[in-house]
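Protein sequence lines, in the order shown, are assigned to chains A and B. Numbered according to the UniProt record's numbering, the first sequence spans residues 1 to 135. Numbered according to the UniProt record's numbering, the second sequence spans residues 1 to 132. Ideal Cβ positions, reconstructed from N, Cα and C, are used throughout, including at glycine. Data block below; observations after.
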Amino acid sequence: MVKFLKPNKAVIVLQGRYAGRKAVIIKSFDEGTRDRPYGQCLVAGIKKYPSKVIKKDSAKKTAKKSRVKCFIKLVNYQHLMPTRYTLDVDLKDVVSVDALQSKEKKVAAAKETKARFEERFKTGKNRWFFTKLRF
Amino acid sequence: MVAAKKTKKTHESINNRLALVMKSGRYTLGYKTVLKSLRNSKDLEEMNLLLVFKSKTLIGEVRKLVIIANNCPPLRKSEIEYYAMLAKVGVHHYNGNNVDLGTACGKYFRVCCLSIIDPGDSDIIKSMPSDH
Numbered sequence: 001m002v003k004f005l006k007p008n009k010a011v012i013v014l015q016g017r018y019a020g021r022k023a024v025i026i027k028s029f030d031e032g033t034r035d036r037p038y039g040q041c042l043v044a045g046i047k048k049y050p051s052k053v054i055k056k057d058s059a060k061k062t063a064k065k066s067r068v069k070c071f072i073k074l075v076n077y078q079h080l081m082p083t084r085y086t087l088d089v090d091l092k093d094v095v096s097v098d099a100l101q102s103k104e105k106k107v108a109a110a111k112e113t114k115a116r117f118e119e120r121f122k123t124g125k126n127r128w129f130f131t132k133l134r135f
Numbered sequence: 001m002v003a004a005k006k007t008k009k010t011h012e013s014i015n016n017r018l019a020l021v022m023k024s025g026r027y028t029l030g031y032k033t034v035l036k037s038l039r040n041s042k043d044l045e046e047m048n049l050l051l052v053f054k055s056k057t058l059i060g061e062v063r064k065l066v067i068i069a070n071n072c073p074p075l076r077k078s079e080i081e082y083y084a085m086l087a088k089v090g091v092h093h094y095n096g097n098n099v100d101l102g103t104a105c106g107k108y109f110r111v112c113c114l115s116i117i118d119p120g121d122s123d124i125i126k127s128m129p130s131d132h
């Protein structure tokens with residue numbers, strides 16, 4: 001019996017506005033916190049997937065199409081579907097629970113994760129994570 | 001192979017083992033709690049520590065087992081199997097529907113899936129993995 005809801009695990013958000021989006025666990029709180037007394041984790045996910053880039057596209061178009069929009073959220077375990085994939089992006093320093101407290105901190109953290117996700121997408125690794133889940 | 005022909009004998013032995021788990025072990029019944037038990041490893045880590053202290057040797061992991069009735073809806077069945085694969089927990093497909101599984105647990109309601117957290121005195125977990 002292995003614990004699998006660990007940092008760097010790729011999950012799919014099942015409920016809420018971001019239902020159907022892929023995300024990566026940054027920090028998990030098995031016990032929950034005092035104001036959220038259930039198992040939850042801090043995830044950073046993709047709000048808007050990068051579009052398909054074709055060979056015909058100019059450099060400007062490729063840059064525009066490869067943009068990724070991110071979200072950061074605390075999600076209950078019940079509203080996540082874990083997958084067998086992992087995503088090794090170091091977001092621990094950027095994203096934390098207090099980044100969610102105020103709007104500016106949230107925006108700054110989202111901007112930083114967006115940069116990291118985009119550079120990961122451009123290397124062509126973790127292709128599953130950056131493709132939209134069809135359902 | 002024992003798994004191929006599910007004779008009456010093995011079926012009864014599963015029932016006996018399950019009855020022993022109901023008496024002496026820890027288990028949860030029902031889809032939601034099964035998923036919960038698969039997600040958490042808190043109980044198990046405590047018990048692992050206890051075992052190590054008691055026996056002074058590193059026993060293998062205390063294993064869990066998940067039992068699924070045969071009329072469980074296929075989406076739910078594959079979801080539980082996927083969680084169990086991630087958690088490295090064995091899954092046993094019970095030879096009977098949820099009514100039978102409930103009866104085997106000694107309950108008067110239907111049980112579609114159950115998870116055995118601590119087998120107690122039963123050897124269900126040691127003997128079951130050989131089936132599949």
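Please report the distance separating the alpha-carbon of Gln101 of chain A from that of Phe129 of chain A. Looking at the two C-alpha atoms, the distance is approximately 27 angstroms.
Quick one: grab the DSSP three-state call for Leu20 of chain B. In the structure shown, Leu20 of chain B sits in a helix (DSSP, three-state: H, G or I).
Which residues in the same chain have their Cβ closer than 8 angstroms to the Cβ of Tyr31 of chain B, if we skip the five residues on either side of it in sequence? Closer than 8 angstroms at Cβ, skipping near neighbours: Arg76, Ile80, Cys112, Cys113.
Quick one: list the residues of chain B neighbouring Gly32 of chain A, beta-carbon separation under 9 angstroms, in chain order. Within chain B, no residue comes near Gly32 of chain A; the closest Cβ sits about 12 angstroms away, beyond 9 angstroms.
Once the 5 residues before and after Phe109 of chain B are set aside, which same chain residues still bring their CB inside 7 angstroms of it? Sequence-distant partners of Phe109 of chain B (beyond 5 residues in either direction) whose C-beta falls short of 7 angstroms from its own C-beta, in its chain, are Gly102.
According to a CB-to-CB cut-off of less than 7 angstroms, which residues of the stretch 73 to 103 of chain A neighbour chain B? Listed in sequence order: Tyr77, Pro82, Arg84.
Interface residues of chain A facing Arg39 of chain B [CB-CB closer than 7 angstroms]: Within 7 angstroms Cβ-Cβ: Leu5, Gly39, Tyr77.
Could you give the residue range of the beta strand (DSSP E) that holds Thr83 of chain A? Residues 80 to 86.
Please state whether DSSP places Lys56 of chain B in a helix, a strand or coil. Here Lys56 of chain B scores only 45 on pLDDT, less than 50, and its place in the model is too uncertain to base an answer on.
Do you know how far the Cα of Leu35 of chain B is from the Cα of Ala19 of chain B? Each residue's CA atom was taken as its position, placing Ala19 of chain B and Leu35 of chain B some 22 angstroms apart.
Buried or exposed for Ala19 of chain A, please, with buried defined as at least 16 other CB atoms from any protein chain shown within 10 angstroms of its CB. Within 10 angstroms of the beta-carbon of Ala19 of chain A lie fewer than 16 other beta-carbons, which makes it exposed.
To the nearest angstrom, how far is it from the Cα of Asp35 of chain A to the Cα of Lys73 of chain A? Going from the Cα of Asp35 of chain A to the Cα of Lys73 of chain A covers about 15 angstroms.
7 angstroms Cβ cutoff, Val2 of chain A in contact with chain B: Closer than 7 angstroms to some Cβ of chain B, the Cβ of Val2 of chain A qualifies, so yes.
Checking 7 angstroms against the spacing of the C-beta atoms, do Ile46 of chain A and Val75 of chain A come in under that value? The criterion of a C-beta distance shorter than 7 angstroms is not satisfied by Ile46 of chain A and Val75 of chain A.
At least 3 beta-carbon pairs within less than 8 angstroms: the stretch 47 to 63 of chain A vs the stretch 25 to 34 of chain A: Counting Cβ pairs under 8 angstroms, fewer than three are found: no touch.
Closer than 7 angstroms by C-beta to Gln15 of chain A: which residues in its own chain qualify, once you throw out the five before and the five after it? Chain order, please. The answer, listed in chain order, is His79.
Are Ile117 of chain B and Val21 of chain B closer than 7 angstroms when you measure CB to CB? In this structure, Ile117 of chain B lies away from Val21 of chain B, with their beta-carbon atoms at least 7 angstroms apart.
For Gly102 of chain B, the first and last residue of its enclosing alpha helix (DSSP H): 98 to 104 is the span of the alpha helix (DSSP H), which, as asked, contains Gly102 of chain B.
How far does the alpha helix (DSSP H) with Tyr82 of chain B in it reach, from first residue to last? That run of the alpha helix (DSSP H) goes 74 to 87.
Could you tell me if the beta carbon of Lys111 of chain A falls within a distance shorter than 6 angstroms of some heavy atom in the ligand MN? Here there are no bound small molecules, and the ligand MN is not part of this structure.
Answer with buried or exposed for Ala59 of chain A, where buried requires no fewer than 16 other C-beta atoms within 10 angstroms of its C-beta. A residue is called buried once 16 or more other Cβ atoms fall within 10 Å of its Cβ, and Ala59 of chain A, having fewer, is exposed.
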